[in-house]
Structures are given as C-alpha cells and as structure tokens.
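Counting from 1, one number per residue, gives the positions in the first sequence under UniProt numbering.
Cβ coordinates follow ideal geometry from the N, Cα and C atoms, glycine included.
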Amino acid sequence: MPEGHTVHRVARQLALDLVGRPLAVSSPQGRFAAGAARLDGRTMTGATAVGKQLFCTFDTADVLRVHLGLYGAWDLYGDVSPLGEGERVRGSLGAPRVRPGSVMDAQPSTRRLRLGEDESEHAAADDAWPPPPLGQVRVRLDSGSVVADLRGPSACEVLTADEAAAVRARLGPDPQDVADLDEAGEVVVERVTRRQVAVGQLLMDQAVVAGIGNIYRAELLFRARLDPWTPGRRVPAEVVRGIWRDWAVLLADGIRDGVMLTREDLDDAGRLAARHDPTLRHWVYGRGGLPCRVCGTPVVVEEMATRKLYRCPVCQV
DNA sequence: TATTTATGTGCAC
DNA sequence: TGCACCTAAATAC
Numbered sequence: 001m002p003e004g005h006t007v008h009r010v011a012r013q014l015a016l017d018l019v020g021r022p023l024a025v026s027s028p029q030g031r032f033a034a035g036a037a038r039l040d041g042r043t044m045t046g047a048t049a050v051g052k053q054l055f056c057t058f059d060t061a062d063v064l065r066v067h068l069g070l071y072g073a074w075d076l077y078g079d080v081s082p083l084g085e086g087e088r089v090r091g092s093l094g095a096p097r098v099r100p101g102s103v104m105d106a107q108p109s110t111r112r113l114r115l116g117e118d119e120s121e122h123a124a125a126d127d128a129w130p131p132p133p134l135g136q137v138r139v140r141l142d143s144g145s146v147v148a149d150l151r152g153p154s155a156c157e158v159l160t161a162d163e164a165a166a167v168r169a170r171l172g173p174d175p176q177d178v179a180d181l182d183e184a185g186e187v188v189v190e191r192v193t194r195r196q197v198a199v200g201q202l203l204m205d206q207a208v209v210a211g212i213g214n215i216y217r218a219e220l221l222f223r224a225r226l227d228p229w230t231p232g233r234r235v236p237a238e239v240v241r242g243i244w245r246d247w248a249v250l251l252a253d254g255i256r257d258g259v260m261l262t263r264e265d266l267d268d269a270g271r272l273a274a275r276h277d278p279t280l281r282h283w284v285y286g287r288g289g290l291p292c293r294v295c296g297t298p299v300v301v302e303e304m305a306t307r308k309l310y311r312c313p314v315c316q317v
C-alpha cells in the first residue's frame with residue numbers, strides 16, 4: 001500500500017541490486033508469462049520512480065512498468081543492499097547477510113525484505129535458494145544473488161520506450177523527478193488554482209501532482225491548515241506553493257526513513273516512538289472521532305470521491 | 001471461517 | 001458515480 005515514497009525506495013533498491021546484471025525473469029503465478037519471456041535474460045539498465053509508477057528499463061529498450069495499486073509489494077531475498085543510512089524500521093532481524101560473491105556457496109542464508117506495505121524484514125522461512133515463491137508472485141527478477149518478487153500489482157506490463165514516455169507525460173510533477181523545484185511548483189499552482197474541484201481531490205489527482213495518496217493528502221492539508229473541500233481556484237497560489245514544498249519534504253523524509261511520519265511536532269524520542277507505533281505517526285489520517293492533536297475537536301471522517309477523507313473541522317479552514 | 005478493509009486506478013454508464 | 005480488479009491482514013462471528 002504505497003504512496004510515492006515507497007515506489008522511490010523500490011526503484012533505489014532495484015537500481016542497487018538488479019541494475020547492470022542479466023536477469024532471470026519469470027512469472028511463478030503465470031499471469032505475466034509472456035512479458036517475463038520477453039525480458040528473460042536481458043539486463044536491466046535503470047530503475048526510476050515517477051509518482052507511484054515504477055519504470056525499469058532494459059538493454060532491449062523495453063520498459064517494465066509496475067504500479068503497486070492498493071496492495072502490491074515487492075519481496076527481496078538474498079544479498080540485499082541496505083538502503084540509505086540503515087535507519088529503516090525493521091521487523092524481526094533477518095538472518096546474517098550473505099557476503100557479496102558468496103551467494104553461490106553451499107548453504108546461502110536468505111533474508112526477506114518487503115517493500116510496499118509497512119516495511120518489514122525477517123528471516124526467510126528456510127534457506128532454500130532460490131527461495132520458493134511466497135503467495136501469488138506476478139514476476140520474479142533474479143540476478144543470481146538477489147531475487148525480487150512482485151505480488152499483487154495493479155499494473156505490470158512491458159512497454160516500448162515511447163509508450164513509457166507517454167505514461168510519464170500524463171503525470172504531474174514529482175519533487176524527486178524535477179530539475180527545478182520552484183519551477184515545477186508553478187505547474188502545480190496552475191493546475192490547482194484553475195480548477196473548481198476540491199483541493200483535496202486535486203492533490204490525489206496524479207496528473208496534477210504525482211505520488212500523493214490518501215495519507216499524504218490528509219496530512220499535507222492538515223499541515224497547511226487548509227480545508228480539503230476548498231475549491232482549487234479559491235486556494236491562494238502561495239498556499240499551493242507551500243503544500244508543494246511541504247510535499248517535497250515529506251517525500252524525501254519518507255524515502256529516507258521508509259515510514260510515513262508526518263508530524264513535525266515530535267522530538268527525537270517522539271519520532272522514535274512513532275516509527276514503531278503507527279497510531280502516533282499522523283495528525284489526522286486514520287483518526288476519525290479521535291481528538292485533534294492541536295485543538296481537541298473530534299477529527300471528521302467523510303468520503304471524498306470514494307476515498308476516506310480525514311480533517312479537523314476547526315483547524316482546517 | 002467469513003467479511004471487511006486498505007497507503008489505487010481505470011473504465012463503463 | 002459505481003464497479004471491477006488485485007491480494008492479504010485485520011476484524012467479526
């Protein structure tokens with residue numbers, strides 16, 4: 001259940017561990033058999049995230065496009081590189097890492113890293129290598145030392161470079177994918193302030209700004225103290241700019257930490273506690289009926305375009 | 001054991 | 001607007 005930060009983490013992980021190596025590509029579940037056959041044996045040349053879309057390019061110029069949808073996730077096994085400074089929240093500790101180059105040893109231990117939902121890391125069920133697919137695995141990418149299994153994606157398809165570019169062109173700016181943050185922010189300002197649609201809906205529209213999902217939407221609007229029902233054209237440009245800059249900060253934090261921690265009021269101890277306790281991570285998301293952390297008024301839950309919207313009716317105006 | 005829910009999107013009407 | 005799709009964990013019974 002990913003928003004943009006998760007997909008960026010996946011892209012970085014695949015870039016670290018799979019790019020530059022010929023891959024054995026298969027579809028244990030069978031639903032991606034044709035696509036897997038097309039990619040099998042090819043070398044991945046790049047892995048990029050734009051919003052919630054993942055693009056893996058191959059030496060054939062084919063592009064594997066993956067969207068995790070609501071419940072997609074990647075499981076990685078084997079000699080998986082640590083991402084960033086190692087501050088990621090982890091579940092039970094994995095088995096000792098296999099050293100580079102030793103994976104083909106007689107008894108390689110494996111660890112399993114899940115990217116996509118609440119991230120977790122733990123020892124694999126057994127030491128078999130390659131690990132048996134767990135659940136419905138749409139595609140398996142196997143470098144020999146790292147296995148990446150994709151489960152439950154809403155999209156997994158092979159595109160030409162042109163087709164992939166067309167998908168990208170339909171997306172709004174992603175703070176991690178723009179050359180100039182301020183310039184990109186003006187695009188978002190335009191796309192929000194010209195519309196009559198509620199700003200809460202516009203922030204979820206991937207053509208307006210890419211990568212924001214239901215949690216970041218709720219939290220960005222609370223942090224801006226803005227009522228999600230405000231029509232886009234009634235939101236001052238400077239407020240949209242502020243939300244865009246804030247999105248850039250939250251996204252970078254999420255990529256670094258692997259956790260959506262959207263409260264800026266916590267000290268180090270509070271942040272540590274929140275990393276381990278999901279109920280402490282947000283201002284309003286998932287807190288329907290609970291008191292607003294600022295004013296104590298019960299947080300309102302309502303539907304906006306079929307998604308749950310959380311807001312404080314007093315703080316957000 | 002069955003039902004509900006979820007950090008999402010796309011298409012038919 | 002409503003539904004279909006996809007999977008697994010949490011919750012209800």
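Backbone secondary structure at L250 - three-state DSSP: In the first sequence, the residue the question calls residue 250 occupies position 250. Looking at L250 - three-state DSSP - the assignment turns out to be helix.
For V103, which of helix, strand or coil comes out of DSSP? Within the first sequence, numbered from 1, the residue matching residue 103 stands at position 103. Low confidence applies here, because V103 scores a pLDDT of 26, under 50, leaving its location unreliable; read the following figure in that light. Here V103 sits in coil by DSSP.
Counting Cβ pairs, one atom from each stretch, are 3 or more of them under 8 Å apart for the region 172-182 and the region 219-226? no
Return the chain-ordered list of same chain residues with a C-beta closer than 8 Å to the C-beta of C315, the five sequence neighbours on each side being excluded. In the first sequence, the residue the question calls residue 315 occupies position 315. Hits under 8 Å: F222, R225, C292, V294, C295, T297.
In this structure, does DSSP put F32 in helix, strand or coil? Along the first sequence, read from residue 1 onward, the residue named residue 32 stands at position 32. Three-state result, F32: coil.
Going along the chain, which residues of its own chain have a beta-carbon closer than 7 Å to the beta-carbon of R195, five neighbours each way excluded? On the first sequence, residue 195 is found 195 positions in, with the first residue counted as 1. Here the set comprises L202, G232, R233.
Identify, in the order they occur along the chain, each residue of the same chain with its Cβ nearer than 6 Å to the Cβ of L261, setting aside the five sequence neighbours on each side. Against the first sequence, residue 261 aligns to sequence position 261. Once the five neighbours on either side are set aside, the close Cβ partners of L261 are A274, R281.
To the nearest angstrom, how far is the alpha carbon of T60 from that of A269? Against the first sequence, residue 60 aligns to sequence position 60. Against the first sequence, residue 269 aligns to sequence position 269. Going from the Cα of T60 to the Cα of A269 covers about 49 Å.
Would G200 and M304 be called neighbours here (beta carbons separated by less than 8 Å)? The sequence position of residue 200 within the first sequence is 200, counting from 1. The sequence position of residue 304 within the first sequence is 304, counting from 1. Cβ distance < 8 Å, so G200 and M304 count as in contact.
Assuming the contact rule is C-beta atoms closer than 8 Å, V146 and L18 should be a hit. Round their C-beta distance to whole Å, please. As a working note, residue 146 is residue 146 in the first sequence. As a working note, residue 18 is residue 18 in the first sequence. Under the criterion of beta carbons closer than 8 Å, V146 and L18 qualify as touching, at roughly 6 Å.
Run through DSSP, which three-state label would A79 get? The residue labelled residue 79 in the question sits at position 79 within the first sequence. Strictly speaking, residue 79 in this sequence is Asp, with Ala absent from that position. The answer is coil: DSSP assigns D79 none of H, G, I, E or B.
Do D75 and R12 have their C-beta atoms within less than 8 Å of each other? Here residue 75 refers to the residue found at position 75 of the first sequence. Here residue 12 refers to the residue found at position 12 of the first sequence. Not closer than 8 Å, so no.
With distances taken Cα to Cα, identify the nearest neighbour of A161 among T6, H276, V137, R65. Here residue 161 corresponds to residue number 161 of the first sequence, with the count starting at 1. The shortest C-alpha separation from A161 is found at R65.
Under 8 Å between the Cβ atoms of D62 and V158? Residue 62 sits at position 62 when you count from the first residue of the first sequence. Residue 158 sits at position 158 when you count from the first residue of the first sequence. Cβ distance < 8 Å, so D62 and V158 count as in contact.
Please determine, among R256, I255, L250, the residue with the shortest C-alpha to C-alpha distance to R263. Residue numbering aside, residue 263 sits at position 263 when the first sequence is read from its first letter. That would be L250, whose Cα lies nearest to the Cα of R263.
Cβ neighbour criterion (16 or more within 10 Å) applied to A33: Looking up residue 33 in the first sequence gives position 33. Per the 10 Å Cβ criterion, exposed.
Report all residues from its chain with a CB closer than 8 Å to the CB of M204; omit the five preceding and five following residues, and keep chain order. For the purposes of this step, residue 204 is taken as residue 204 along the first sequence, with counting starting at 1. Taken in chain order, the residues that qualify are I212, G213, N214, R217, A305, R307.
Burial state of E302, where buried means 16 or more other Cβ atoms lie within 10 Å: Here residue 302 refers to the residue found at position 302 of the first sequence. E302 comes out exposed.
Whole-Å CB distance - L70 paired with R9, under 8 Å assumed: Within the first sequence, numbered from 1, the residue matching residue 70 stands at position 70. Within the first sequence, numbered from 1, the residue matching residue 9 stands at position 9. In fact, because the Cβ distance is near 18 Å, the residues do not count as touching under 8 Å.
Bridge partners - K308, DSSP secondary structure assignment: As a first step, residue 308 is located in the first sequence; it is residue number 308 there, counting from the start. BP columns for K308 point to E303.
How big is the Cα-Cα spacing for D246 and A37? On the first sequence, position 246 is the one that residue 246 refers to. On the first sequence, position 37 is the one that residue 37 refers to. Approximately 42 Å, taken between the alpha carbons.
Under 8 Å between C-beta atoms of A198 and W229: Within the first sequence, residue 198 is the residue found at index 198, counting from 1. Within the first sequence, residue 229 is the residue found at index 229, counting from 1. Contact: yes.
Pull up the distance between the alpha-carbon of G20 and that of R42, whole angstroms please. Stepping through the first sequence from its first residue, residue 20 is reached at position 20. Stepping through the first sequence from its first residue, residue 42 is reached at position 42. Taking the straight line from one Cα to the other gives about 10 Å.
For P28, which of P132, L68, A248 has the nearest alpha-carbon? Indexing the first sequence from 1 puts residue 28 at position 28. Comparing Cα positions, the closest option is P132.
Are there 16 or more other CB atoms within 10 angstroms of the CB of V192, so buried, or fewer, so exposed? The residue you call residue 192 lines up with position 192 of the first sequence. Under this definition V192 is a buried residue.
For G135, which of D149, D142, G144 has the nearest alpha-carbon? Here residue 135 refers to the residue found at position 135 when the first sequence is read from its first residue. Closest in alpha carbon position to G135, among D149, D142, G144, is D149.
Which residues in the same chain as V240 place their Cβ atom closer than 7 Å to its Cβ, once the five residues preceding and following it in sequence are excluded? Within the first sequence, numbered from 1, the residue matching residue 240 stands at position 240. These residues qualify, in order along the chain: V188, V189, V192, T193.
Whose C-beta lies closer than 8 Å to the C-beta of G4 among residues of the same chain, with five residues either side of it excluded? Your numbering for residue 4 matches position 4 in the first sequence. Taken in chain order, the residues that qualify are A49, G51, K52, D174, Q176, A210, G211, I212, G213, Y216, L251, G254.
Note down the Cα distance separating A30 from S154, rounded to an integer number of angstroms. The count along the first sequence starts at 1 and reaches residue 30 at position 30. The count along the first sequence starts at 1 and reaches residue 154 at position 154. Note on residue identity: the sequence assigns Gly, not Ala, to residue 30. C-alpha separation (whole angstroms): 15 Å.
Does the beta-carbon distance from V25 to V137 come in below 8 Å? Translated into positions along the first sequence, residue 25 becomes position 25. Translated into positions along the first sequence, residue 137 becomes position 137. No, these two residues do not count as a Cβ contact at 8 Å.
Local Cβ density within 10 Å of R311, reported as buried at 16 or more and exposed below that: Numbered from 1 along the first sequence, position 311 holds the residue referred to as residue 311. Buried, by the Cβ-count rule.
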